[in-house]
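Chemist: In order, the protein sequences belong to chains A and B. Start counting the first sequence at 4; every next residue gets the next number (this note's numbering). Start counting the second sequence at 4; every next residue gets the next number (this note's numbering). Quick reminder that beta carbons are idealized off the backbone N, C-alpha and C, glycines included. Every value quoted in this text rests on a predicted model; they were computed, and no experiment measured them. Quick one: the structure is below, and I'll ask about it shortly.
Protein chains: 2
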Amino acid sequence: MPERLGPARAVPLFDKIALIGLGLIGSSIAHVARRQNLAREVAGFDSDGDVRRRARELRLGAIAESTQDAVAGADLVVLCVPVGAMGDAARDVAPHLKAGAILCDVGSVKNGVVSAVAPHVPEGVHFIPAHPVAGTEYSGPEAGFATLFLQRWCILTPPDGADENAVAKLTTFWETAGSHVEIMNAAHHDLVLAITSHVPHLIAYNIVGTAADLEEVTQSEVIKFSAGGFRDFTRVAASDPTMWRDVFLHNKDAVLEMLGRFNEDLSALQRMIRWGDGDGLFELFSRTRAIRRGIIAEGQETAAPDFGRHIGEENGPGERN
Amino acid sequence: MPERLGPARAVPLFDKIALIGLGLIGSSIAHVARRQNLAREVAGFDSDGDVRRRARELRLGAIAESTQDAVAGADLVVLCVPVGAMGDAARDVAPHLKAGAILCDVGSVKNGVVSAVAPHVPEGVHFIPAHPVAGTEYSGPEAGFATLFLQRWCILTPPDGADENAVAKLTTFWETAGSHVEIMNAAHHDLVLAITSHVPHLIAYNIVGTAADLEEVTQSEVIKFSAGGFRDFTRVAASDPTMWRDVFLHNKDAVLEMLGRFNEDLSALQRMIRWGDGDGLFELFSRTRAIRRGIIAEGQETAAPDFGRHIGEENGPGERN
């Protein structure tokens, strides 16, 4: 699999792009847009003045003091705010959008974002919702980097009758940023992401919370002995609280459906443990290995043991045959 | 934190050690014992003839064709078999143990192992149960490496009245292998590990199983879009099925207790989502970040974003300030 971004474009794809929201995703787009020559000009705005100041220090682009200045003349406007703030962001940018511009978002929920954004989109502006399936547990403008989207999927959910040229141009944008692009409808997106992302985050948050509340086991013991499996959940559970609150509030139905299935399956496992059904446990534990192999084969993961935490150490797995 | 093993011992700590079971843990002990001069002679045995053959090819030590030959004259015998096989392994080695020898295990459950092993231990042999809290999702003799135990905790659960010299010597053994040693009683160990390791593995296995069984979302979609959080669970759920079946069967009470708490907490979260309690979600999601910081500060984890998966890539976080 390619480990690096492809060559930068000889000619910018857009004349001006505007990024509304300069957290992990917005700042990463700024980095990769410059690196890949995706736009002649990268403008940005964040409603938080401190974030704007830091974004300027980080030289993320032309950081404006108003939404209006940021989006003025932009061919592509990307809303990089939490899902719950998308509607307001769309309302703010709408009056200033250029005719023919593409409006895009990066929300982890699509139906909810479409409902909130679409009513504000002016005639002649192409709204193409997008979800780059990429992230880290860090947030803020300092957290961004140019290869965040490399080898990650970006899902576009264009509405029926969306402008084909706009979809094609946005596809080129994300592909040049290193992503694979997939197109699906918003409702299916929300179901797929509920199981691959939203419910995993929910149960990670949940078990870390459970561990924090125990009386018989101290927090210091939980921290000390986390290498047995728990620490992987803490990374997921360290993700941005605002973003995730909004995801659960706006993808409620799909999350509750998937959570219901998770609970049914967990009850069955609990019963196997209570009644000592070793064969049932073994059967499930063997079956789940196959999915891991599929993920590694797809290039969505490293095969290095323990996430490669030991790589580079003497005799470590990084040096094995 | 030290990134490498300390200097090797000038004089071997033991004359001969015998490793019964040559999977990930047994083979890693063989590597580190040689690297750190922990024993003049490292002997090994595995009940699987193919594993013995591969262990010889890997030069893991003097691989015997019988338990008797492996443990003959050994000062330290380490049982590195799944928890459910500890009783049989103890029965097999018992008649051949040298007077004054230390018998140790590496099981992830302690009360269950003590019940299975202790009845076989001859007078004059010091049985000191141990649990190195370290591992990867790989198994077999090829999976071992010398730094597996580096910066990891090793929990000893010596019974009341255990020989102090034996405990001290075993502590030195694990410390020289790179571990921090903690002493606690077996019952407390089982409770701590239920929350930090056993329940996390169970819910990881469970959600991967849930995802595999969906009708509305294909397995290929689950694999493609796993980067949103799910893939971290698949690593945990790729761990050795035999080992984990035995853990759940032998730490039933503590696992069921912790699972009960997890379920209560998850029901509360589910209710918050259903009723749109954004403040409740935000509060929990903020609280869990603190535990992550504690784990990184303790040196049990890398602070690199996304487990450092992007490290070394151009503009990646490995090169950030």
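For B:T160, which residues in chain A fall below 9 Å Cβ to Cβ?
Modeler: What B:T160 touches in chain A: nothing, since even the nearest Cβ is about 13 Å away.
Chemist: Using only CA atoms, which one of B:T160, B:K172, B:A169 and B:E286 lies nearest to B:D193?
Modeler: That would be B:T160, whose Cα lies nearest to the Cα of B:D193.
Chemist: With DSSP run on the structure shown, which of helix, strand or coil describes B:A67?
Modeler: In the structure shown, B:A67 sits in coil (DSSP, three-state: anything other than H, G, I, E or B).
Chemist: Give the DSSP-derived three-state secondary structure of A:A42 in the structure shown.
Modeler: Strand.
Chemist: With a cut-off of 8 Å, do at least 3 Cβ pairs link the region 175-195 of chain A to the region 207-224 of chain A?
Modeler: Taking 8 Å as the limit for Cβ pairs, the verdict is that the region 207-224 of chain A does not touch the region 175-195 of chain A.
Chemist: Just to confirm, is the Cβ distance from B:I66 to B:G52 under 8 Å?
Modeler: No, the Cβ-Cβ distance between B:I66 and B:G52 is not below 8 Å.
Chemist: Using 8 Å as the limit for Cβ to Cβ distance, is A:G319 near chain B?
Modeler: For A:G319, the predicted structure reports a pLDDT of 43, less than 50, and the residue's modelled location is therefore unreliable. A value from the coordinates is still provided. Answer yes: the Cβ-Cβ gap between A:G319 and chain B drops below 8 Å somewhere.
Chemist: Distance cutoff 8 Å, beta carbons only. Does A:P98 sit that close to anything in chain B?
Modeler: No, A:P98 does not count as interfacial toward chain B.
Chemist: Rank A:F148, A:W247 and A:R274 by C-alpha distance to the C-alpha of B:A307 and give the top, closest one.
Modeler: Measuring from the Cα of B:A307, the nearest candidate turns out to be A:F148.
Chemist: Within the region 97-139 of chain B, note down every full alpha helix (DSSP H) run reaching 4 residues or more, in order along the chain.
Modeler: Listed in chain order, they are 114-120.
Chemist: If you draw a straight line from the C-alpha of A:V112 to the C-alpha of B:C157, how long is it?
Modeler: Spanning the two alpha carbons is a distance of roughly 43 Å.
Chemist: Have a look at B:S229 and B:P125 and give me their C-alpha separation to the nearest angstrom.
Modeler: Near 51 Å, if we compare the C-alpha coordinates of B:P125 and B:S229.
Chemist: Any Cβ of chain A within less than 8 Å of the Cβ of B:M4?
Modeler: Its pLDDT being 46, under 50, B:M4 is placed unreliably by the model, and the measurement read from it follows with that caveat. Output row for B:M4: interface = no.
Chemist: Starting from the C-beta of A:I186, find all residues in its chain whose C-beta is less than 6 Å away, skip the five residues before and the five after it, and write them out in chain order.
Modeler: Hits under 6 Å: L159.
Chemist: Whose CA, out of B:H204, B:R94 and B:R290, lies closest to the CA of A:G232?
Modeler: The candidate whose alpha carbon is nearest that of A:G232 is B:H204.
Chemist: How do the region 244-261 of chain A and the region 260-276 of chain B stand: do at least 3 beta-carbon pairs fall below 8 Å, yes or no?
Modeler: The region 244-261 of chain A vs the region 260-276 of chain B: in contact.
Chemist: State yes or no: is the beta carbon of B:D51 nearer than 8 Å to at least one beta carbon in chain A?
Modeler: No, B:D51 lies away from the interface with chain A (no Cβ there is under 8 Å from its Cβ).
Chemist: Which value, in whole angstroms, describes the spacing of the CA atoms of B:A13 and B:G26?
Modeler: For B:A13 and B:G26, the distance between alpha carbons rounds to 28 Å.
Chemist: CA-CA distance, B:V120 and B:S242?
Modeler: Each residue's Cα considered, the two are about 25 Å apart.
Chemist: What do you get for A:N1, buried or exposed, if any count of 16 or more other CB atoms within 10 angstroms of its CB means buried?
Modeler: Not covered by the structure: residue 1 of chain A. The range shown for chain A is 4 to 324.
Chemist: Cβ closer than 7 Å: which chain A residues qualify as neighbours of B:V202?
Modeler: Near B:V202 (Cβ distances below 7 Å), the residues of chain A are I210.
Chemist: Which residues in the same chain have their Cβ closer than 8 Å to the Cβ of B:E301, if we skip the five residues on either side of it in sequence?
Modeler: Around B:E301: no qualifying Cβ.
Chemist: Could you name the residues of the same chain whose beta carbon sits closer than 6 Å to that of A:L1, not counting the 5 residues immediately before and after it, in chain order?
Modeler: Residue 1 of chain A lies beyond the range of chain A shown here (4 to 324); nothing can be said about it.
Chemist: Measuring CA to CA, which of A:D95, A:E286 and A:S200 is closest to A:A325?
Modeler: Lying outside 4 to 324, the shown extent of chain A, residue 325 of chain A is not represented and no answer is given.
Chemist: Below 8 Å between beta carbons: does that hold for A:L79 and A:F176?
Modeler: Yes, these two residues count as a Cβ contact at 8 Å.
Chemist: Since A:P144 and A:S30 should fall inside the 8 Å C-beta cutoff, what is the C-beta to C-beta distance between them, to a whole number of angstroms?
Modeler: Right, their Cβ atoms sit about 4 Å apart.
Chemist: Strictly by DSSP, which residues pair up with B:L79?
Modeler: BP columns for B:L79 point to B:I20 and B:I105.
Chemist: Helix, strand or coil for A:F2 per DSSP?
Modeler: Since the first residue shown for chain A is 4 and the last is 324, residue 2 of chain A is missing from the structure and cannot be characterised.
Chemist: In three-state terms, what does DSSP make of B:E185?
Modeler: Of the three classes helix, strand and coil, the one that applies to B:E185 here is strand, per DSSP.
Chemist: To which residues of the same chain is A:N82 closer than 8 Å at the C-beta, ignoring the five residues directly before and after it?
Modeler: A small correction: the amino acid at residue 82 of chain A is Leu; Asn does not occupy that position in the sequence shown. If we look at A:L82 and ignore the five residues flanking it on each side, its Cβ neighbours are I23, G24, M89, A92, A93, V96, L106, C107, D108, V109, G110 and V120.
Chemist: Check whether the Cβ atoms of B:P15 and B:R43 lie closer than 8 Å to each other.
Modeler: A contact, by the Cβ cut-off of 8 Å.
Chemist: Taking only three categories from DSSP, how would you classify A:F48?
Modeler: It is a strand residue.
Chemist: Can you name the start and end residues of the alpha helix (DSSP H) that B:W247 belongs to?
Modeler: B:W247 -> alpha helix (DSSP H) spans P244 to H253.
Chemist: Please decide whether B:I32 counts as near chain A, where near means a Cβ-Cβ distance under 8 Å.
Modeler: Chain A, which has no Cβ nearer than 8 Å to the Cβ of B:I32, makes this no.
Chemist: Output yes or no for whether 8 Å exceeds the beta carbon distance between A:A165 and A:H129.
Modeler: Contact flag set, yes.
Chemist: Is there a C-beta anywhere in chain B that falls below 8 Å from the one on A:S289?
Modeler: Chain B contact via Cβ: present.
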